[in-house]
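Chemist: Sharing a structure, written as structure tokens. Questions coming.
In the numbering used here, the protein residues as written are 232 to 656.
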């Protein structure tokens, strides 16, 4: 049954069948034809996979991200970021990276970050004589940091399928996200210095103060979310609801850029995005249940225990597998399928479960813009109008520097866990 399941899954995926159909249909066909399990049990698992408290945070964080984009929060963060780093060598490109890190901390959505930041900063980078390939590669890679920096939707999914504390994952994601972002910033500085690209005039004290005041309400969101979680005022799920209500209040009452019509459209868009994510989770839960029932996680753990005695080799193997998988599969689906399989083996090797979650998500962040099917590539193409060949040089440069950051995150656990130890102790 497991063999047929995997064969059908590969056939469906490589025939461009939608991922949720590939996961669900291969599971149902394998069970119906090769087992005596009642199909109704799979239906129960389908809905049972969504019946998790941690997943309640998803629709609220998605709604908050869309409200921030429509309500004018993202453009104010951009202006503030440019006032901070625009005068440095590579300042316009750095503004793109820093803004993506801040917007990622607000939205938790990678495609939303690419669109919100890219439609403003891509024309600006071209005006400053940045190469189109470099600019498109930066947009695609900088948006991927949203998978790592809290409130990351993918971190929530990892916590829901493994039972690891979402709060601890959020804390660890801060350190890992900073390392990821810093690797890109260092390369941006080198590239701009080498090509003698222009930079902005340093913002005056008055200009910086004005940008800070205008962005103040937007910059408060990560403070409210993370501060509320870590102080124990509310759970990550409650934080998601608070962020959506707060973003709506700021957009309507303070910035006054959202009306009832745009709010209604934001609700519709958020509902569609939520459904797209959750149908993947539900289908992947069915597949995961079948694999677990077939003893696949135990077999993987047993094989690793017998044949791999080095944590270094084990983590390298995880990185390679996830980087390859990230080229073809969206992060939520990959985590839902692989996390239950890898988790027992990682525990047996002595890997910290929070560290494992950060490693997996960092790999899939790189996969978000890795050819041929990284979703950020297609989102970036809607902004830049470049084809894959034109984007490839820029994509590969940022791939190289972000893989270096990934190795640091993987082999120096305290790079992401130091904040967890500091806050929890």
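Built from N, CA and C at the ideal position, the CB exists for glycine as well. Bear in mind that the values here come from a model prediction, so they are computed numbers and not experimental data.
1. Label residue 306 either buried or exposed according to how many other C-beta atoms from any shown protein chain fall within 10 Å of its C-beta, with 16 as the threshold for buried.
2. Less than 6 Å between C-beta atoms, sequence neighbours within five positions excluded: which residues of the same chain meet that for residue 321?
3. Can you have a look at residue 210 and say buried or exposed, based on whether 16 or more other CB atoms are within 10 angstroms of its CB?
4. Which ranges would you report for the alpha helix (DSSP H) in the region 481–536 if only whole runs of at least 4 residues count?
5. The alpha helix (DSSP H) with residue 605 in it runs from where to where?
6. Along the chain, where does the alpha helix (DSSP H) that runs through residue 181 open and close?
7. Which value, in whole angstroms, describes the spacing of the CA atoms of residue 531 and residue 516?
8. From the DSSP output, in three-state form, read off residue 441 for me.
9. Using alpha carbons as the reference points, say which of 502, 236, 565, 381 lies closest to residue 595.
10. Tell me the residue span of the alpha helix (DSSP H) that contains residue 372.
11. Which residue comes first and which comes last in the alpha helix (DSSP H) that contains residue 555?
12. Is the region 363–383 touching the region 606–614, taking contact as three or more C-beta pairs under 8 Å?
13. Between the C-alpha atoms of residue 324 and residue 287, what's the straight-line distance to the nearest angstrom?
14. Quick one, are the C-beta atoms of residue 449 and residue 617 less than 9 Å apart?
15. Hey, is the region 572–588 in contact with the region 343–359, meaning 3+ C-beta pairs nearer than 8 Å?
16. Between which two residues does the alpha helix (DSSP H) holding residue 633 run?
17. Could you name the residues of the same chain whose beta carbon sits closer than 7 Å to that of residue 396, not counting the 5 residues immediately before and after it, in chain order?
18. Classify residue 352 as helix, strand or coil using the three-state DSSP reduction.
19. Just the Cα atoms here: how many angstroms apart are residue 579 and residue 638?
Modeler: Looking at the atomic coordinates:
1. buried
2. 419, 420, 423
3. Residue numbering for the chain in the displayed model covers 232 to 656; residue 210 lies beyond these limits and cannot be assessed.
4. 491–524
5. No alpha helix (DSSP H) holds residue 605; DSSP gives it neither H nor E.
6. Coverage of the chain is limited to positions 232 through 656, which leaves residue 181 absent and any answer about it impossible.
7. 18 Å
8. helix
9. 565
10. 363–374
11. 542–557
12. yes
13. 35 Å
14. no
15. no
16. 619–642
17. 390
18. helix
19. 21 Å
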